[in-house]
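Visitor:
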Amino acid sequence: MSTPLSQALATLRRRHGEGVIRSGDALGGVEAWPTGLPILDQRLTPGGLPVGRISLLAAAPGASGRLTLLQALTSAASRERIAVYLDLVGSLDPGFLADLGADLTSLLVVRPPSGRWEEGLAMARSLVGAGAPWLAVALPGAEPLQRPGLRSGAGWEHRLTSLVESVSTHRAVCLVSAASPLPPALGYAASLTLDCAAGGWEEAHGDVLGLRTRLTLVKSKVSVPGETAVLLLRYPRPFATAQAVGRPALVDLPLTTDVTDVSLSAAG
Amino acid sequence: MVGGSRFLCARFPHLALVVTWRAHPELRSEPVVVGGAPELRLPVLAASEAARTSGVRPGQPLREAQQRCPGAAFVALDETATARLHEELFTQLHRLAPTVEVGDEAAWCDLSGRHAAHSDGAGWAIAIARSINQLLDDDGIAVGVAGSRLVAEIAARQAGPRRIRRVAEGEEAAFLAPLPLSVLPMDPAVATRLAALGLDCVGAVANLSAADLQRQFGPAGMDLWRRARGGDGVGEWQFGHGFGPPAPPRRLGERVILEGGTGDLETLRFAVHRSALELGDRLRHRGCRAAAVTLVCELEDAEPAGLRITPLQPPGSGAELWPVALELLAGLRLVAPVTAVRLEVEGLRPGTGRQVDLWRGGDAAGEEIDGAASRLRARFGRAAVRRAELAVDPGDLPERRFRWAEPVAQVDGEGHGSPLAGTASAPAAAEERTPAVSGAPVAAMPALRR
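If you're matching them up, the sequences are chains A and B in order.
Heads up, the first sequence is in the working numbering, so the first residue is -19 and it goes up one at a time.
Heads up, the second sequence is in the working numbering, so the first residue is 3 and it goes up one at a time.
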């Protein structure tokens, strides 16, 4: 017997297609892109970074390892698919990416000539819309975020919304690295937010070999938030001159969990 | 076939070899390699048939050619004499055919229509073949005549020396059908995939639908379909020749005349909107998308003002074209009343998408991404989207370890909202329409002033 509800559902399906209305249990699990880092895939993000959603690496300004982690994951992605790196920071070193094992022929580096976020996000959206399956966005430090135009959420929030829609429609993986404090729109758009905090340098014989980073899953729409883990980001080559050129002060954090040693080099 | 086109292809020994034989008749039956002394680090430019049987090929290093054929005579290229012979051959053929193209080892003539001095096409072809034979004084000339340039060349290869192979009109596909696929020029990867499916002759590919080939191989699939049916690939001769649908015009335009001139913003919006919808309908009717959009406002007693833009998403309908046109209109600086509005789209290409490749993943997506990157470069500059590659000889500095690779392709159009150079003399679009009703009366428009 047809009820008004069933008639309305039939009308919507006839007008907009069968897939427009589904029951909640038919949506299935969240598709994920495995990062290859067990601590991330098994503990923090179930199965890897969620596909079709925005993932966020957030950190306080300073050496936290978020850009290194972003570039390491981008390098891993470029070995299996076309990856896009939106460099709004202007600090990308392709040589370092190559040391991390990136396939540079599969990596498109996008840098808006004006340096404006809106343009960069529009460019990224265009590439994602064309089918780019992996997008990394490196946002600048905290100071540019304090600009009135960004705080009030002018044009760039509209671009961000468009990017979120495009990522969702085209089933892309999008990983954004941003310094705290986060713009509210960005924090809202992210389905998964990993907070990065420096845990100290890894040194041997005066050389800096890596950086400990404590990752905290502060927000997740695809799993239970609150998990914490520590990564040791081992640099692909030792930085013997780090002391000479200066580096941020060490941050001494109590390590509440086991340290996971992750070699970022391609050979490792 | 369009308009009964006929092409002649004549294959002959490399002109540099002919020059060599003229200078050294004793070498005519000997293996000869043109390029220079084998000690030089240069490639082989031409090789006689005797040298080719020993494995010598043009493009090989001369040293390798010497190893393959130790008894060959190595001679230097006589550039002056070769160029003179090239010009003589061109002039000779041009007396016999209106359109001629001469290469180093082959020449093509357009035999479409009739020649007053020859009763039929066969006599015309024989006259051309005899002319080439007389000039080059060589018996190795083979001639093919067919309805397309490619089939004429294949017919010449099949004919053999001192023979003319004529493929009757409309029989090109039947002629090609039993031949192996290797006679058609194609990407080796495509050939491998076709062979894996058991498609080993041209006829088997010709029987596939164009849509299937287009879906699997993209534009190369359409070219392959045309060639397998006896046509030429797009752009190989000229538009309109060969088989398949004619290529779309490169530019479309709509022009709306505003009576008396106006500076009323709402009137201009109305005119641009109308142009965008009309133009969008024509794009949709043709199944095309535009790489660049131009808006020109013709001004009263002043130079026209125009802007060109490369949209991030190529518009293919009125709804997609209207926001782009509106953005252009907002960017124009109008210093006088506008008498006409001209909206043009350029860089038209098929708007249909391509199915994701089921046999070999990634390439179709790669084409789309490359296209999007090209549009971004066209709009924001070449440095907007780049690929890096490691330097062969890196230095100590980090920035010397890599270099930015040049983009592989550019789409038509200029940068974002770039003003048009020489707008005053901007040529009319290839297919431009001026509506009979010259825009709506200005008085009927809402009086919103800028």
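Virtual Cβ for every residue (Gly too), placed ideally from N, Cα, C.
Here the structure is a predicted model, which means the values were calculated and not measured.
With a threshold of 7 Å on Cβ separation, who are the neighbours of TRP23(B) within its own chain once the five nearest residues in sequence on each side are excluded?
Guide: Residue 23(B) sits at position 21 when you count from the first residue of the second sequence. These residues qualify, in order along the chain: LEU29 and ARG30.
Visitor: TRP110(B) and GLU174(B) - do their beta-carbons sit closer together than 9 Å?
Guide: For the purposes of this step, residue 174(B) is taken as residue 172 along the second sequence, with counting starting at 1. For the purposes of this step, residue 110(B) is taken as residue 108 along the second sequence, with counting starting at 1. No, Cβ-Cβ distance for GLU174(B) and TRP110(B) is not below 9 Å.
Visitor: Would you call VAL337(B) buried or exposed, if buried means 16 or more other Cβ atoms sit within 10 Å of its Cβ?
Guide: Locating residue 337(B) in the second sequence gives position 335, where the first residue counts as 1. When all chains shown are included, VAL337(B) counts as exposed.
Visitor: Under 8 Å, CB to CB, which of the residues in the segment 368 to 382 of chain B have a partner in chain D?
Guide: Considering every chain present, this structure includes no chain D. Its protein chains are A and B.
Visitor: Checking the sheet assignment: what are the DSSP bridge partners for ALA407(B)?
Guide: For the purposes of this step, residue 407(B) is taken as residue 405 along the second sequence, with counting starting at 1. The bridge partners DSSP lists for ALA407(B) are ARG389(B).
Visitor: Looking at chain A, which residues of the segment 255 to 273 of chain B have a Cβ within less than 7 Å of any of its Cβ atoms?
Guide: none
Visitor: Return helix, strand or coil for GLU145(A), following the three-state DSSP convention.
Guide: The residue given as residue 145(A) occupies position 165 in the first sequence. Residue state for GLU145(A) is assigned as helix, using DSSP reduced to three classes.
Visitor: Using beta-carbon positions only, say whether GLU107(B) and LEU17(B) come within less than 9 Å of one another.
Guide: Stepping through the second sequence from its first residue, residue 107(B) is reached at position 105. Stepping through the second sequence from its first residue, residue 17(B) is reached at position 15. A contact, by the Cβ cut-off of 9 Å.
Visitor: What does VAL77(B) reach in chain A if we use C-beta pairs closer than 8 Å?
Guide: What you label residue 77(B) is simply residue 75 of the second sequence in a count that begins at 1. Neighbours of VAL77(B) on chain A: none; closest Cβ ~42 Å, over 8 Å.
Visitor: How many angstroms separate the CA atom of ARG(-5)(A) from the CA atom of GLN(-13)(A)?
Guide: In the first sequence, counting from the first residue as 1, residue -5(A) sits at position 15. In the first sequence, counting from the first residue as 1, residue -13(A) sits at position 7. ARG(-5)(A) and GLN(-13)(A): Cα-Cα distance of roughly 12 Å.
Visitor: Could you spell out where the beta strand (DSSP E) holding PRO232(B) opens and where it closes?
Guide: Locating residue 232(B) in the second sequence gives position 230, counting from the first residue. Looking at the sequence itself, residue 232(B) is Gly, so the reference to Pro does not match. Bounds of any beta strand (DSSP E) do not take in GLY232(B), whose DSSP letter is neither H nor E.
Visitor: So, are the CB atoms of SER50(B) and LEU98(B) less than 9 Å apart?
Guide: Looking up residue 50(B) in the second sequence gives position 48. Looking up residue 98(B) in the second sequence gives position 96. Not in contact: SER50(B) and LEU98(B) (Cβ atoms no closer than 9 Å).
Visitor: With a threshold of 8 Å, are at least 3 pairs of Cβ atoms found where one atom belongs to the segment 64 to 73 of chain B and the other to the segment 81 to 98 of chain B?
Guide: no
Visitor: Does the beta-carbon distance from ARG467(B) to GLY223(B) come in below 9 Å?
Guide: Any answer about residue 467(B) is impossible in this case: the structure gives chain B only from 3 up to 452.
Visitor: Answer yes or no: does any C-beta atom of chain B fall closer than 9 Å to that of LEU119(A)?
Guide: As a first step, residue 119(A) must be located in the first sequence, where it is residue number 139. LEU119(A) does not count as touching chain B.
Visitor: Name the chain B residues that come within less than 8 Å of SER106(A), Cβ to Cβ?
Guide: One-based indexing of the first sequence puts residue 106(A) at position 126. Those are LEU314, GLN315, ALA374, ARG377 and LEU378, listed as they occur along chain B.
Visitor: What residue range is occupied by the uninterrupted beta strand (DSSP E) comprising LEU195(A)?
Guide: On the first sequence, position 215 is the one that residue 195(A) refers to. 187 to 200 is the span of the beta strand (DSSP E), which, as asked, contains LEU195(A).
Visitor: Looking at the secondary structure, which residues open and close the alpha helix (DSSP H) in which GLU155(B) lies?
Guide: Numbered from 1 along the second sequence, position 153 holds the residue referred to as residue 155(B). Note, GLU155(B): alpha helix (DSSP H), 151 to 161.
Visitor: Give me the Cβ distance between GLY233(B) and SER319(B), rounded to the nearest whole Å; I'm assuming they're in contact under 8 Å.
Guide: Counting from one through the second sequence, the residue named residue 233(B) turns up at place 231. Counting from one through the second sequence, the residue named residue 319(B) turns up at place 317. Their Cβ separation, rounded to whole angstroms, is 30 Å, which puts GLY233(B) and SER319(B) out of contact at 8 Å.
Visitor: I need the straight-line Cα distance from LEU(-15)(A) to LEU(-8)(A), nearest angstrom please.
Guide: Counted from its first residue, the first sequence places residue -15(A) at position 5. Counted from its first residue, the first sequence places residue -8(A) at position 12. Going by the C-alpha atoms only, they are around 11 Å apart.
Visitor: Please decide whether LEU17(B) counts as near chain A, where near means a Cβ-Cβ distance under 9 Å.
Guide: Here residue 17(B) corresponds to residue number 15 of the second sequence, with the count starting at 1. LEU17(B) does not count as touching chain A.
Visitor: For a contact meaning CB atoms closer than 8 Å, what does ARG351(B) contact in chain A?
Guide: If you number the second sequence from 1, residue 351(B) lands on position 349. Result: empty, since nearest Cβ-Cβ is about 14 Å, beyond 8 Å.
Visitor: Using a C-beta to C-beta distance shorter than 9 Å, which residues of chain A count as neighbours of GLU329(B)?
Guide: The sequence position of residue 329(B) within the second sequence is 327, counting from 1. Within chain A, no residue has its CB atom less than 9 Å from the CB of GLU329(B), the nearest being about 12 Å off.
Visitor: Within 9 Å (strictly less), CB to CB, does ARG91(A) reach chain B?
Guide: Numbered from 1 along the first sequence, position 111 holds the residue referred to as residue 91(A). Any Cβ of chain B closer than 9 Å to the Cβ of ARG91(A) would place that residue at the interface, and such an atom is present.
Visitor: Hey, quick one: how far does the alpha helix (DSSP H) through ARG91(A) stretch, first residue to last?
Guide: Taking the first residue of the first sequence as 1, we reach residue 91(A) at position 111. Looking at the DSSP string, ARG91(A) is not in any alpha helix (DSSP H), and its letter there is neither H nor E.
Visitor: Chain B partners of GLU99(A), CB-CB under 8 Å?
Guide: Looking up residue 99(A) in the first sequence gives position 119. Those within 8 Å of GLU99(A) in chain B are PHE382.
Visitor: Straight-line CA distance for LEU20(A) to VAL387(B)?
Guide: Counting from 1 along the first sequence, the entry for residue 20(A) is found at position 40. Counting from 1 along the second sequence, the entry for residue 387(B) is found at position 385. So the alpha carbons of these two residues sit roughly 30 Å apart.
Visitor: So ARG388(B) contacts chain A; which residues on that side make the cut at Cβ distance below 9 Å?
Guide: By 1-based counting over the second sequence, the position of residue 388(B) is 386. Those are LEU88, VAL89, VAL90 and ARG91, listed as they occur along chain A.
Visitor: Please report the straight-line C-alpha distance between ALA85(B) and LEU138(B), rounded to a whole angstrom.
Guide: Against the second sequence, residue 85(B) aligns to sequence position 83. Against the second sequence, residue 138(B) aligns to sequence position 136. Going from the Cα of ALA85(B) to the Cα of LEU138(B) covers about 14 Å.
Visitor: Helix or strand or just coil, what does DSSP make of VAL0(A)?
Guide: Start at 1 with the first residue of the first sequence, and residue 0(A) comes out as number 20. Helix at VAL0(A).
Visitor: For VAL31(A) and LEU195(A), I'd like the C-alpha separation in whole angstroms.
Guide: One-based indexing of the first sequence puts residue 31(A) at position 51. One-based indexing of the first sequence puts residue 195(A) at position 215. When rounded, the distance between both Cα atoms is 20 Å.
Visitor: Scan the segment 80 to 108 of chain B and note each continuous alpha helix (DSSP H) run of 4 residues or more that stays entirely inside, going in chain order.
Guide: 81 to 96
Visitor: Can you give the Cα-Cα distance for VAL185(B) and ALA144(B), rounded to whole angstroms?
Guide: Your numbering for residue 185(B) matches position 183 in the second sequence. Your numbering for residue 144(B) matches position 142 in the second sequence. Distance between the alpha carbons of VAL185(B) and ALA144(B): 16 Å.
Visitor: I want to see whether chain B comes within less than 9 Å of ARG(-5)(A), judged by CB atoms only; does it?
Guide: The residue you call residue -5(A) lines up with position 15 of the first sequence. No, ARG(-5)(A) lies away from the interface with chain B (no Cβ there is under 9 Å from its Cβ).
Visitor: With DSSP run on the structure shown, which of helix, strand or coil describes THR296(B)?
Guide: Here residue 296(B) refers to the residue found at position 294 of the second sequence. In the structure shown, THR296(B) sits in a strand (DSSP, three-state: E or B).
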